[in-house]
Amino acid sequence: MNSFNEFGTPPERQTFIRLQDSRKLAWSEGGSVNGTPVLCCTGAGMSGSLGFGIRHLPALGLRLIAIDRPGLG
């Protein structure tokens, strides 16, 4: 069986906020904290916790922000 790390890198930072309707909006971040933000909107069957090449982002000066959309994450 393949491990998670063969396909991606776990997110470096994960957080959430509580929305007015009591749902949680969660997102994961990786890469350079002060890098150019890149928003990743995942689709069905995916979540914001997938690490799409996070280990390469600091060298590129990028900060990946992947959200868990309500009903999909």
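Each residue of the sequence shown is one higher than the one before, starting from 10 at the first, in the working numbering. In this text, a Cβ means the ideal position worked out from N, Cα and C, and glycines have one as well. Treat the numbers as computed from the prediction; the structure is a model and nothing was measured.
*asked:* Could you compute how far the alpha carbon of I74 sits from the alpha carbon of F25?
replied: 12 Å
*In chain order, what residues of the same chain lie with their CB nearer than 8 Å to the CB of R72, ignoring the 5 residues before and after it?*
E38, G39, G40, S41, V42, N43, G44, T45, P46, V47, L66
*asked:* Would E21 and I76 be called neighbours here (beta carbons separated by less than 8 Å)?
replied: no
*Taking DSSP as the reference, what is the three-state secondary structure of A68?*
helix
*With distances taken Cα to Cα, identify the nearest neighbour of W36 among G70, Q29, T51.*
T51
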